[in-house]
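Position 529 of the sequence shown, counted from 1, bears residue number 1150 in the numbering used here, the numbering being contiguous throughout. Read the structure below first, then the notes.
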Amino acid sequence: MKQLETQISLALQNALKHLYNIDIEADPALVQPTRKGFTGDLTVVVFPWVKVARKSPDALGAEIGQQLLESLDCIQDFNVVKGYLNLQIKEDFWMDLLEQESDNANYGCLETRGVDPVLIEYSSPNTNKPLHLGHIRNNLLGHSVSQILKACGHPVVQVNLVNDRGIHICKSMLAWLKYGGGETPESSGMKGDHLVGKYYVVFDQHYKQEQKELVEQGLTEEEAKDKAPLILEAREMLRKWEAGDQEVRELWAKMNGWVYAGFDQTYERLGIHFDKTYYESQTYLLGKSLVQEGLDKGAFYKHEDGSVRVDLTGEGLDEKVLLRKDGTSVYMTQDLGTAQLRYEEFHPQKMIYVVGNEQNYHFDVLKLVLSKKLEKPFGDFIYHLSYGMVELPSGKMKSREGTVVDADDLMDDMYEEAKTSTEALGKFQFTPEEADKLYEMIGLGALKYFILKVDPTKNMLFNPAESIDFNGNTAPFIQYTHARIRSMLRKGAENGIDLAAKLPQLSLNEEEKTLINLLYQYPKTVLAAGDNFSPALIANYCYDLAKQFNHFYQDTPIFKEEDAAKRLLRLKLSRWVSLVLRSGMGLLGIEVPEKM
């Protein structure tokens, strides 16, 4: 079935040419859903052609509307309100749509198109600490955008880049050596990533104490930061690591192994997976070779302090260090190498990096260095999906000071919030196993939805208690709506209602028509979410759909309806809503229960 907007835009193109000799492109975007409070299903704004046609907005709208009415069988009637041409679509279109799609679990998803994948990098943790609330937004965004792009028909490769080397890693290693006493995940009962994170905090505590003592001896704060014994030892450990020192490398492998085991548990609980994981330790040397390539061709230069830099002042930026004066790598070094490696492996049409907005400058530099200085074609394929920070009501988080909210602890808290809120509703009849699964589904759903419903570019405040509200713009409200529909469908089956039966042509009431029209908007919403890399569009659509269904449920009898055909129509419509809710929430990585 050709989209209505496509049909109408083509007819609009012909009408403008025929009536006023105006040439336009037939663009479905010219046709939008009619705003609430106005009579109609779809609207065309006629203001752009008023001056050329030499007509008032209402006169122009009336003439175009009449032309569309005569040329399109799907249009029932039209009205014009201050230059807005509102079109009413015939009921048989909505009935045909309901009959065709109400049992289609893949409604809104396109078949795969093309062979070159979209590569999307997300998570990108450091191995010196566990995943925290900021990582949760990153992972949820990356996973959801991946699912949305797949639904839009794109092949997708999901990758992780683990920052497993560098000065921050050495800080945890050094602190464990000095103050750990041989502590292990087994001896401490801690997850490995939490244990290593503990020593990152320990390093910072001792480092600050050393700085304080040096300042008391007369050094400036900057001098103390640079000359404190602990930071000098950490730098020496990094130098030894890059030189391949066996003892340092063995310690590094052991502690990283603890962290990976911890990460895997967190990813599994979040429902996150990757097609491939890259490690900075395996890509930074390729990055160094690209830096050397840039030096050889004169795109980079060696600074007087021995560091290698690129001058981007001509591009409106500044000078960027690509290798430190001691020859060790920086983040940019490994990002150059990783981009090259990914291009050679996958030949992606686009490389999306899901990274916080504090790294906007970094990705501006990365794209410029690759595309302009190194003349790599894949530099232009890079897209930085920049997202805002997440804060809690208590304020900002700092991992080195131990004030971070660990992802694992947050998920545990959400489970408890879900348990308390669900049991407070009463009418609770589940086995302990069913209850455990339901609390986890509601808790994780609430966490994911609350984060994903916010536009990715915006900073946000995460409130655990607010996210569990069963009556607001939350996952539990949507999950409960889905469970209610599934209960209705079970009741319908028990009463012998066959949803496979064909519907006769019926007259739709306003609630039914509004609901079908909203379901019709789902495929366009998925495409818009893919074009904008915005799960928020899907999240808020699901809320609108659940809210509209609840209006329908309150105002329209189903099992009390005496007309069997109308009962069947309303149950088919309800089933379609449940399938779209399951699909949309699935694109957000959220499960919906069969009963609550």
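Beta carbons: idealized from backbone N, C-alpha and C, even for Gly.
Within the continuous alpha helix (DSSP H) that includes residue i, where are the two ends?
i: Ile1159; result: 1156-1176
i: Pro998; result: Element bounds for Pro998: n/a, residue is neither H nor E.
i: Met1010; result: No alpha helix (DSSP H) contains Met1010, which DSSP labels as neither H nor E.
i: Asn1138; result: 1131-1141
i: Glu843; result: 842-848
i: Asp985; result: 981-989
i: Gly1205; result: 1185-1208
i: Gln628; result: 625-641
Looking only at its chain, what residues have a beta carbon closer than 7 Å to the beta carbon of residue i, apart from the 5 residues adjacent to it on each side?
i: Arg1111; result: none
i: Ala1150; result: Ile769, Pro1156, Leu1158, Ile1159
i: Gln1014; result: Per the sequence shown, the amino acid found at residue 1014 is Pro instead of Gln. Within the same chain, Pro1014 has close Cβ partners Leu1082, Asn1084.
i: Tyr1036; result: Tyr1060, Glu1061, Gly1064
i: Thr1135; result: Gln1169
i: Lys771; result: Val777
i: Ala1039; result: Tyr1060, Ile1063, Gly1064, Ala1067, Ile1089
Report the rounded CA-to-CA distance for residue i versus residue j, giving the unit in angstroms.
i: Phe668; j: Pro678; result: 6 Å
i: Ser820; j: Thr748; result: Looking at the sequence shown, residue 820 is not Ser but Tyr. Taking the straight line joining both Cα atoms gives about 12 Å.
i: Thr627; j: Ser1088; result: 39 Å
i: Asp825; j: Ile1211; result: 37 Å
i: Phe1002; j: Glu996; result: 13 Å
i: Lys1019; j: His753; result: Per-residue confidence for Lys1019 stands at a pLDDT of 44, beneath the threshold of 50, marking its modelled position as unreliable; the derived number appears in the next sentence. Each residue's Cα considered, the two are about 10 Å apart.
i: Asn700; j: Gln687; result: 10 Å
i: Ser1204; j: Ile645; result: 36 Å
i: His1005; j: Ile973; result: 6 Å
i: Arg964; j: Ser744; result: Reading the sequence as shown, one finds Tyr at residue 964 and not Arg. Straight-line Cα distance between these residues: approximately 20 Å.
i: Gly915; j: Gln903; result: 20 Å
i: Ile685; j: Ala1096; result: 43 Å
i: Ala636; j: Gly682; result: 11 Å
i: Tyr1162; j: Tyr1008; result: 21 Å
i: Thr898; j: Asn781; result: 5 Å
i: Gly958; j: Asn727; result: 39 Å
i: Ser723; j: Gln886; result: 38 Å
i: Leu1046; j: Leu872; result: 51 Å
i: Ala718; j: Asn978; result: Going by the sequence as given, residue 718 is Leu instead of Ala. Computed Cα separation, rounded: 42 Å.
i: Gln961; j: Lys988; result: 12 Å
i: Val1026; j: Ile757; result: 10 Å
i: Arg1188; j: Asp1057; result: 35 Å
i: Met953; j: Leu944; result: 9 Å
i: Gly839; j: Trp862; result: 33 Å
i: Val880; j: Asp896; result: 19 Å
i: Leu693; j: Gln1142; result: 20 Å
Identify every residue that forms a DSSP beta bridge with residue i.
i: Ser950; result: Leu944
i: His598; result: Absent from the structure is residue 598, since the part of the chain shown begins at 622 and ends at 1217.
i: Val931; result: Lys941
i: Tyr899; result: Leu782
i: Asn880; result: The sequence given here has Val at residue 880, not Asn. Paired residue(s): none; Val880 is not in a bridge.
i: His753; result: Asp1027
i: Tyr964; result: Tyr964 is not bridged to any residue.
i: Lys923; result: Val929
On the DSSP letters alone, give me the boundaries of the beta strand (DSSP E) that residue i sits inside.
i: Pro654; result: 652-654
i: Leu663; result: 663-666
Can you give me the Cβ contacts of residue i inside the same chain, cut-off strictly under 6 Å, excluding the 5 residues immediately before and after it?
i: Cys791; result: Ala855, Met858, Leu859
i: Ala882; result: Gly813
i: Asp1176; result: Glu1132
i: Phe984; result: His1005
i: Asn877; result: Thr748, Asp785
i: Ile629; result: Val652
i: Tyr900; result: Val783, Asp785
i: Val766; result: Phe1154
Given 8 Å as the limit, tell me if residue i has its C-beta closer than that to any heavy atom belonging to the ligand ADP.
i: Ser1088; result: This structure does not include the ligand ADP; it has no bound ligands of any sort.
Under 8 Å Cβ to Cβ from residue i, same chain only, skipping five residues before and after it: list those, please.
i: Gln832; result: Glu842, Ala845, Lys846, Ala849
i: Lys875; result: none
i: Leu663; result: Leu625, Glu626, Ile629, Val652, Gln653, Pro654, Thr655, Asn707, Leu708, Ile710
i: Val736; result: Pro776
i: Ser1108; result: Lys1216
i: Leu1124; result: Met716, Leu719, Glu720, Ala1186, Leu1189, Leu1190, Lys1193
i: Leu1139; result: Asp1165, Leu1166, Gln1169
Could one say the Cβ of residue i lies closer than 9 Å to chain D's Cβ atoms, at least one of them?
i: Ala855; result: Going by chain labels, chain D is absent from the structure shown, which holds only one protein chain.
Contained alpha helix (DSSP H) runs [length at least 4] in the region 764-828, N- to C-terminal order = 788-800, 806-809
Minimum length 4: unbroken alpha helix (DSSP H) runs contained in the region 670-747 = 671-674, 678-692, 712-722
task = Would you mind listing the alpha helix (DSSP H) stretches within the region 1057-1121 that are 4+ residues and don't spill past its ends, in chain order?
result = 1085-1088, 1096-1115
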